[in-house]
Amino acid sequence: MKLEQRIAPVQMILCDVDGVLTDGRLSFDNQGIEIKSFHVRDGMGIKLWQQVGCQFGLLTARSSHIVKVRAAELGVDLIRQGFAD
Numbered sequence: 001m002k003l004e005q006r007i008a009p010v011q012m013i014l015c016d017v018d019g020v021l022t023d024g025r026l027s028f029d030n031q032g033i034e035i036k037s038f039h040v041r042d043g044m045g046i047k048l049w050q051q052v053g054c055q056f057g058l059l060t061a062r063s064s065h066i067v068k069v070r071a072a073e074l075g076v077d078l079i080r081q082g083f084a085d
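This is the structure:
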């Protein structure tokens, strides 16, 4: 079975952030502001996924302004932060 056929039923990817889209480290500056490093290749994969008409969303237990910023850069509208379950 070809890749296109295997993924055809998948319409959305719902992803965590820390340790999935980042390297898993939590860094803070001197003012206590959280810093996250996102990999550009993950962003490219997300954009390609969206370009073929599929949805992508973020669900994370932590709340961070930078997650909103990165989601906006990628055109991700479905973002839920602060959900442990």
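Read in order, the letters of the sequence shown are residues 1 to 85 in the working numbering. The beta-carbon is built from N, C-alpha and C at its ideal position, and this holds for glycine as well.
Assumed close pair residue i, residue j - CB separation to whole angstroms, cut-off 8 angstroms
i, j, result
"residue 83", "residue 59", "6 angstroms"
"residue 38", "residue 70", "5 angstroms"
"residue 50", "residue 11", "Not a contact, Cβ separation roughly 12 angstroms."
"residue 76", "residue 46", "7 angstroms"
"residue 36", "residue 63", "Contact flag wrong, Cβ pair sits at about 12 angstroms."
Where the alpha helix (DSSP H) containing residue i begins and where it ends
i, result
"residue 14", "No alpha helix (DSSP H) contains residue 14, which is instead part of the beta strand (DSSP E) from 12-15."
"residue 43", "40-51"
"residue 68", "65-74"
"residue 3", "3-7"
Cβ-based burial, residue i [other Cβ within 10 Å; buried from 16]
i, result
"residue 52", "exposed"
"residue 21", "buried"
"residue 74", "buried"
"residue 40", "exposed"
One or two residues paired with residue i in a DSSP bridge
i, result
"residue 34", "28"
"residue 59", "80"
Residue i CB to nearest heavy atom of the ligand MN below 7 angstroms
i, result
"residue 53", "Ligands in the displayed structure: none, and consequently the ligand MN is not present."
Does the stretch 2-13 come close enough to the stretch 22-39 that 3 or more CB-CB pairs lie under 8 angstroms? At 8 angstroms Cβ cutoff, the stretches do not touch.
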